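The sequence shown lines up with residues 3 to 311 when you count with the working numbering. Ideal Cβ placement from N, Cα and C applies to all residues, glycine included. Computed from a predicted structure; not experimentally measured. To start, the structure under review is shown below, and the notes come after it.
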Amino acid sequence: AAMEETMLNHIHIAAAFSKLASLKKATPLVDKIRRSPTLVQLAKQAARVADRREFRAREIATLLMSCAALRVDLPWISEELGLSLAKWVPQTAQDMNPQALSNTVYGLGVLDLGDSPEVSAAIDHCATMIPSQLGRFSSMDVAQVAWGIGARDGRVDNSKLMEALASWVTAEAVNLPAFAASVDLPMIAVAFVRLQNWQPEMMNAIAARFVDINDLSRLRLWSLAALLWSWSHPCSPALDADSTEGIIHPEGPDSLSASRFLQKLRRAAKSRRITQEDIDRVPEGPKGETSKSWSPSKTSNTLSVAETF
Numbered sequence: 003a004a005m006e007e008t009m010l011n012h013i014h015i016a017a018a019f020s021k022l023a024s025l026k027k028a029t030p031l032v033d034k035i036r037r038s039p040t041l042v043q044l045a046k047q048a049a050r051v052a053d054r055r056e057f058r059a060r061e062i063a064t065l066l067m068s069c070a071a072l073r074v075d076l077p078w079i080s081e082e083l084g085l086s087l088a089k090w091v092p093q094t095a096q097d098m099n100p101q102a103l104s105n106t107v108y109g110l111g112v113l114d115l116g117d118s119p120e121v122s123a124a125i126d127h128c129a130t131m132i133p134s135q136l137g138r139f140s141s142m143d144v145a146q147v148a149w150g151i152g153a154r155d156g157r158v159d160n161s162k163l164m165e166a167l168a169s170w171v172t173a174e175a176v177n178l179p180a181f182a183a184s185v186d187l188p189m190i191a192v193a194f195v196r197l198q199n200w201q202p203e204m205m206n207a208i209a210a211r212f213v214d215i216n217d218l219s220r221l222r223l224w225s226l227a228a229l230l231w232s233w234s235h236p237c238s239p240a241l242d243a244d245s246t247e248g249i250i251h252p253e254g255p256d257s258l259s260a261s262r263f264l265q266k267l268r269r270a271a272k273s274r275r276i277t278q279e280d281i282d283r284v285p286e287g288p289k290g291e292t293s294k295s296w297s298p299s300k301t302s303n304t305l306s307v308a309e310t311f
């Protein structure tokens, strides 16, 4: 066993988990793989390598993202590996590029590692690094950071980071390519609303990208459900009949109230057979399990969540 361990270095281990996560995206892991003691031993070995501080910044980020992707199939992976990786993030965050920072925050957030000081310190260090680098972030990077913070349900005050993300989205939403907007903006909206942090300018900018009913009809199902979940949340001004919040279309002076946007979302969801169960499951994320009503067999122009992310 000792000889086998020496043959797998930090690069091999990170690559192995990354490959396993990639395979899981294509097809669910079979029971034989999920129950394999080899995977448990590999995770224990990875924890030992982490304790020896052999993983570099990029590898820590890759492993955290891989663990996040595997958390449903391998529920023990958080306990075996999560904290061992988290405690070295403060020493490596300064060497992380935007993708590594976003992967790290996303992974730490969704792995549900509790209130451990290691996780809080890791996210805090990333949070101090991100605002100064936002000019190099993609919308996917921003969405992953927001989702990771939102998944922590406000355990730690990251308001300064969220304000920086909101400013980025407000400025950049109108310029995002259509596909990036359809994938990333709904994730960002849900992340903020999970924290009951309704940012009017940012949410207006997000809604303005989808005011055309044709835009809503082309959204993947989770994205449409996510927008509906966000705009029907108790913190949304759309539920206030006297709301004066306006969603300003960037191409003209016309405004669309939050309540009118919510009505559009409801009509689009109804026409695409999105159920209340689907909407309630939105916080599980676009990588969550697929419900029956999201099956591609339901209608020819839609795909399941598993297939669209």
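Segment limits, alpha helix (DSSP H) that includes residue i
i	result
F194	180 to 196
D280	278 to 282
P119	119 to 131
E202	Looking at the sequence shown, residue 202 is not Glu but Pro. Unbroken alpha helix (DSSP H) run through P202: 202 to 210.
A70	59 to 72
L1	Beyond the ends of the chain as shown, which are 3 and 311, falls residue 1; an answer cannot be given.
V213	Segment: none, V213 is in no alpha helix (DSSP H) and carries neither H nor E.
S273	260 to 273
Assigned exposure category for residue i - 16 Cβ within 10 Å defines buried
i	result
W81	The sequence given here places Glu at residue 81; Trp does not occur at that position. With fewer than 16 Cβ atoms within 10 Å of its Cβ, E81 is classed as exposed.
E279	exposed
L64	Checking the sequence, you will find Thr at residue 64 rather than Leu. Its Cβ being crowded by 16 or more others within 10 Å, T64 is buried.
G109	buried
D143	buried
T40	exposed
Q96	exposed
I13	exposed
P77	exposed
N11	exposed
Cβ separation of residue i and residue j, assumed to be a contact under 8 Å, to the nearest whole Å
i	j	result
K27	L72	No, K27 and L72 are not in contact; Cβ-Cβ is about 10 Å, not under 8 Å.
A124	P92	6 Å
A88	E61	With a Cβ gap of about 14 Å, A88 and E61 do not count as contacting.
R157	D214	That belief does not hold up - the Cβ atoms of R157 and D214 are roughly 38 Å apart, past 8 Å.
P239	A260	5 Å
Ignoring anything shorter than 4 residues or poking outside the region 136 to 186, list the alpha helix (DSSP H) runs there in chain order. Taking only runs of at least 4 residues, the alpha helix (DSSP H) segments lying wholly in the region 136 to 186 are 141 to 153, 161 to 174.
Touching by the beta-carbon criterion (3+ pairs, under 8 Å), the region 215 to 232 and the region 173 to 193: Between the region 215 to 232 and the region 173 to 193 there are three or more inter-stretch CB-CB distances shorter than 8 Å, so the stretches are counted as touching.
Could I get the ranges of all uninterrupted alpha helix (DSSP H) runs contained in the region 75 to 117, with 4 residues as the minimum, in chain order? 85 to 88, 91 to 94, 100 to 112
Counting Cβ pairs closer than 8 Å, one from the region 130 to 138 and one from the region 163 to 180, do we hit at least three? yes
Count the C-beta pairs between the region 223 to 234 and the region 270 to 277 that are closer than 8 Å, then say yes if the count reaches three, no if not. yes
Given 8 Å, three or more beta-carbon pairs between the region 142 to 151 and the region 90 to 109: yes
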